[in-house]
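A.B. asks:
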Amino acid sequence: MSQLKQTLSDNIKTSMKARELERVKILRNVQSVVKQIEIDRQTELDDAQVLEVLQKQLKQRQESLSIFTENGRDDLAAKEQFEIDIINEFMPQQMNQDEIMALVNAEIAEQGATSMRDMGSVMGVLKNKTAGRADPALISKMVKDALQG
């Protein structure tokens, strides 16, 4: 069993003992998504794949949070923010913009990238280097800005 899945399972048990029912519900939801993907793929997910699932769950909740906030639904926005906070506990330390920019510049220099045609190869490497630690949309924007000059 992957370390991340084990941590998730342990957190569910701890939360159940502490009677944190909302937290248990959210963690079980995430755990069920991971199990469903394992069933669909007929394979056990490793930490990197579980991290991808967590990122997807976070992104869905952030989009919902944005929509609820725009429409003045503070009650639903607060619920989504609570879920985001819980899922973030399992995410690795996020990189700041300076760290991301340094990686972007280093990768562009290493590959000798000069135009937008090189963006795919730069993004492919950066996606692996920053897995779970940076928003791919932000990385993409930084790469695009750097390649356009």
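Residues 1 to 149, numbered by full-length UniProt numbering, are exactly what the sequence shown covers, in order. Just so you know, even glycine gets a beta-carbon here, dropped at the ideal spot from N, CA and C. Keep in mind that this is a model prediction, so the values were computed, not measured.
Measure the beta-carbon distance from ARG117 to ILE84 and round it to whole angstroms, keeping in mind my assumption that it falls under 8 Å.
C.D. replies: Between ILE84 and ARG117 the Cβ distance is about 36 Å, and since that is not below 8 Å, they are no contact.
A.B. asks: Using CA atoms only, rank isn't needed, just tell me which of GLN55, MET16, GLU20, GLU110 is closest to VAL33.
C.D. replies: Comparing Cα-Cα distances from VAL33 to each of GLN55, MET16, GLU20, GLU110, the minimum goes to GLN55.
A.B. asks: So, is MET142 buried or exposed, given that buried needs 16 or more other C-beta atoms within 10 angstroms?
C.D. replies: When all chains shown are included, MET142 counts as buried.
A.B. asks: What residue range is occupied by the uninterrupted alpha helix (DSSP H) comprising ARG23?
C.D. replies: Element bounds for ARG23: 21–41.
A.B. asks: Using beta-carbon positions only, say whether PHE90 and GLU80 come within less than 8 Å of one another.
C.D. replies: For PHE90 and GLU80, no; Cβs fall outside 8 Å.
A.B. asks: Thinking VAL122 and ALA134 are a contact (beta carbons under 8 Å), I'd like their distance in whole angstroms, please.
C.D. replies: Contact flag wrong, Cβ pair sits at about 14 Å.
A.B. asks: Please go through the same chain and pick out, in chain order, the residues whose beta-carbon is closer than 8 Å to the beta-carbon of ARG28, but skip the five residues on each side of it.
C.D. replies: Within the same chain, ARG28 has close Cβ partners ILE12.
A.B. asks: Would you tell me roughly how many angstroms separate the C-alpha atoms of ASN105 and ARG19, rounded to the nearest one?
C.D. replies: So the two alpha carbons sit approximately 48 Å from each other.
A.B. asks: Do you know whose CA, among GLN97, GLU63, SER115, lies nearest LEU76's CA?
C.D. replies: Closest option to LEU76, Cα to Cα, is GLU63.
A.B. asks: Can you tell me which of PHE82, ASP98, ILE100 puts its alpha carbon nearest to the alpha carbon of LYS25?
C.D. replies: The option with the nearest alpha carbon to LYS25 is PHE82.
A.B. asks: For a test of the three-state rule: what should DSSP assign to GLU63, helix, strand or coil?
C.D. replies: Helix, per DSSP.
A.B. asks: Indicate the three-state DSSP secondary structure (helix, strand or coil) for residue 167 in the structure shown.
C.D. replies: With the chain running from 1 to 149 in the structure shown, residue 167 is simply not present.
A.B. asks: In the structure shown, what three-state DSSP assignment does ARG117 receive?
C.D. replies: Reduced to three states, the DSSP call for ARG117 is helix.
A.B. asks: Does DSSP classify PHE90 as helix, strand or coil?
C.D. replies: PHE90: coil per DSSP, three-state reduction.
A.B. asks: Under the three-state reduction of DSSP, which class applies to ASN96: helix, strand or coil?
C.D. replies: If DSSP states are grouped into helix, strand and coil, ASN96 belongs with coil.
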